[in-house]
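If you count the sequence shown from 1, position 66 lands on 66 in UniProt numbering, and the numbers rise without skipping.
One structure is given here, and the rest of the page talks about it.
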Amino acid sequence: MAYAHNTQAGHASILDRAATLVAAVRDAIERRRVYRQTLRELNALSTRELNDLGINRSMVTRIALEAAMQK
């Protein structure tokens with residue numbers, strides 16, 4: 001009597017895992033780019049310009065992080 005075994009049932013192949021890793025790295029790079037761009041733009045504004053936008057200078061880092069996480 002012969003038995004058939006599927007050793008990959010329910011498991012992602014190495015190529016699937018590599019593709020997932022590459023996608024995660026690309027996503028992290030894009031989020032970092034958005035964070036740095038937002039931080040650079042907000043830091044370029046004067047305190048008065050930030051106040052006109054309702055932003056305190058101490059909020060700039062948090063706003064940049066939030067912008068990156070929405071991406």
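We put the CB at the ideal spot given by N, CA and C, even for glycine.
Keep in mind that this is a model prediction, so the values were computed, not measured.
With a threshold of 7 Å on Cβ separation, who are the neighbours of K71 within its own chain once the five nearest residues in sequence on each side are excluded? E30, R31, V34
Restricting to Cα atoms, I'd like to know which of A12, A18, T38, L15 is closest to E66. T38
Taking only the alpha-carbon atoms, compute the straight-line gap between D16 and D27 and give it to the nearest angstrom. 16 Å
Considering only the beta carbon of each residue, do R57 and L50 sit closer than 7 Å? yes
Near N43, what residues of its chain come up, given a Cβ to Cβ distance below 7 Å and the 5 sequence neighbours on each side ignored? V60
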